[in-house]
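Protein chains in written order, with our numbering: chain A, 10 to 317; chain B, 389 to 529.
Heads up, the beta-carbon is just placed ideally off N, CA and C, and yes, glycines get one too.
Computed from a prediction, not measured in an experiment: that's the story for all the values here.
In what follows, a structure is listed as structure tokens, so that the remarks can point back to it.
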């Protein structure tokens, strides 16, 4: 019976990239596996090495169990043979049915009848620290301000009206948000995923804000009028520090960029929402406060109610 | 004792982009301020040619009976000059600080077009705060 080696097992779903080492698997020669048997085979024989080799190895199934039932029910098994090595490689993946959510799990198993490749070198504790130092280096605020100013000016030349300019800034922020979530989940949260509404909101309010702007947001409030509205308030957004909006631009707010970042984080984490930035005038203050208004989609509230 | 009468900022072609009046006497209307600005720009340029020493960068201080005029020219040719009471001290420092405010709140503003009149709310706000602070410091109150 051939022994199958996972010479290159990449377990990645959008929020938690992990690199796996070599593992051998007791062969289950049957190529037609049902979803449940596949999962059980994997869970029984595969161990997941997290970032450091020193950390305790966790069985895969424990990680799967942190998914709530909704996501797991959306999985289906799709198999396709790799075009490169039809005999040697067997690629299959578990994909989420809801493609628009783009939360998908891929198990790419290159099963080879050969000796295993040398193990992928996982970063050890010391090197990780060095990376963290690099990542915590600060950038000049002036450099960022000029770059952001140029971003706004460039987009102004491309659009005809203010609403479109706001949408463009939001889209730019969305891309940032999606990537920031990936990075922070891997770096700061130990590859754990937020499944509760308050969890993801406080993650945005503290962790994301701290990493992006150097401080936690001023306040996080729940809307009084609607159940699905939450607000993150800030005395003055960092991106708006040097920007004065001319009178003829009305209610336009360059904080739309930050609203886009928040939307990117929430969307990629599985909490679709509509996020906007508003100026809120305060009595006694010359400059208005900025509020990021988050309005969650129906499905999020339903799921939250079901989770209790 | 020490008071600023007015502040002018002119661009590199001599056009007035910012004017603020602080004194109560000698108010000028817009046309006069524009004329004054371009006049000063020309004088500044001529003085560079007239200087007996090579490498002159232009007039920095003009002293008259009833006022002093301090001028600061940035490397880009933007000139900041302030008309004040005779004998006012620390005007150079004030001009440098105004230059810093200009680079912060005007140049980093995406809605400001270069060489155009300055219409930035934040610049006005921080400028009045700076002048106020200075006025308090200079008057010793």
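Asked: Measuring CB to CB, does residue 456/B end up less than 7 Å from residue 474/B?; Found: yes
Asked: Helix or strand or just coil, what does DSSP make of residue 396/B?; Found: strand
Asked: Compare the Cα-Cα distances from residue 231/A to each of 244/A, 207/A, 248/A, 254/A and report the closest residue.; Found: 207/A
Asked: Could you confirm whether any beta carbon from chain A is found closer than 7 Å to the beta carbon of residue 521/B?; Found: no
Asked: Return the CA-CA distance between residue 307/A and residue 498/B, expressed in angstroms with no decimal places.; Found: 37 Å
Asked: Exposed or buried, which one is residue 405/B when buried takes at least 16 other CB atoms within 10 Å?; Found: buried
Asked: With DSSP run on the structure shown, which of helix, strand or coil describes residue 152/A?; Found: helix
Asked: Within its chain, find whatever has a CB closer than 7 Å to the CB of residue 274/A; leave out the 5 residues flanking it on each side and keep chain order.; Found: 186, 189, 190, 213, 217
Asked: Step through the CB atoms of chain A and report whether any lies within less than 7 Å of the CB of residue 474/B.; Found: no
Asked: Any C-beta of chain B within less than 9 Å: which residues of the region 250–261 of chain A qualify?; Found: 250, 251, 252, 253, 254, 255, 256, 258
Asked: Nearest-angstrom Cα distance between residue 484/B and residue 431/B?; Found: 21 Å
Asked: State the DSSP-derived secondary structure class of residue 258/A, mapped to helix, strand or coil.; Found: helix
Asked: One question on the structure: do residue 277/A and residue 510/B come within less than 7 Å of each other, judged by their Cβ atoms?; Found: no
Asked: Tell me whether residue 503/B is buried or exposed, calling it buried when 16 or more other Cβ atoms sit within 10 Å of its Cβ.; Found: exposed
Asked: Does residue 509/B have its Cβ less than 7 Å from a Cβ in chain A?; Found: yes
Asked: For residue 429/B, which residues from the same chain have a beta carbon less than 6 Å from its beta carbon, with the 5 sequence-adjacent residues on both sides left out?; Found: 398, 402
Asked: Give the DSSP-derived three-state secondary structure of residue 251/A in the structure shown.; Found: coil
Asked: Can you give, in chain order, each stretch of the alpha helix (DSSP H) that sits fully within the region 195–280 of chain A and has at least 4 residues?; Found: 206–211, 218–222, 265–277
Asked: Specify the secondary structure class of residue 289/A as computed by DSSP and reduced to three states.; Found: strand
Asked: Quick one: what's residue 449/B bridged to in DSSP?; Found: 458/B
Asked: Counting beta carbon pairs with one atom in the region 299–317 of chain A and one in the region 239–248 of chain A, are three or more of them shorter than 8 Å?; Found: yes
Asked: Specify the secondary structure class of residue 418/B as computed by DSSP and reduced to three states.; Found: helix
Asked: Just to confirm before moving on: does the CB-CB distance between residue 436/B and residue 446/B stay below 7 Å?; Found: yes
Asked: Whose C-alpha, out of 411/B, 480/B, 421/B, is nearest the C-alpha of residue 462/B?; Found: 480/B
Asked: Between the Cα of residue 173/A and the Cα atoms of 271/A, 200/A, 263/A, 292/A, which residue gives the shortest distance?; Found: 263/A
Asked: For residue 460/B, which residues from the same chain have a beta carbon less than 6 Å from its beta carbon, with the 5 sequence-adjacent residues on both sides left out?; Found: 468, 483
Asked: Taking CB distances under 7 Å as the criterion, tell me whether residue 420/B reaches chain A.; Found: no
Asked: Please identify the residue among 288/A, 258/A, 165/A, 246/A whose C-alpha is closest to the C-alpha of residue 508/B.; Found: 258/A
Asked: Rounded to the nearest angstrom, how far is the Cβ of residue 265/A from that of residue 175/A, given a contact under 8 Å?; Found: 5 Å
Asked: DSSP puts residue 472/B in a beta bridge; with which residues?; Found: 392/B, 456/B
Asked: Indicate whether at least one CB of chain A lies closer than 7 Å to the CB of residue 406/B.; Found: no
Asked: Check this for me: beta carbons of residue 251/A and residue 154/A, under 7 Å apart or not?; Found: yes
Asked: For residue 199/A, count neighbouring Cβ atoms within 10 angstroms of its own Cβ and tell me buried if that reaches 16, exposed if not.; Found: exposed
Asked: Name, please, each residue of chain B whose Cβ falls closer than 7 Å to the Cβ of residue 161/A.; Found: 498
Asked: How about residue 209/A and residue 280/A: are their beta carbons less than 7 Å apart?; Found: yes
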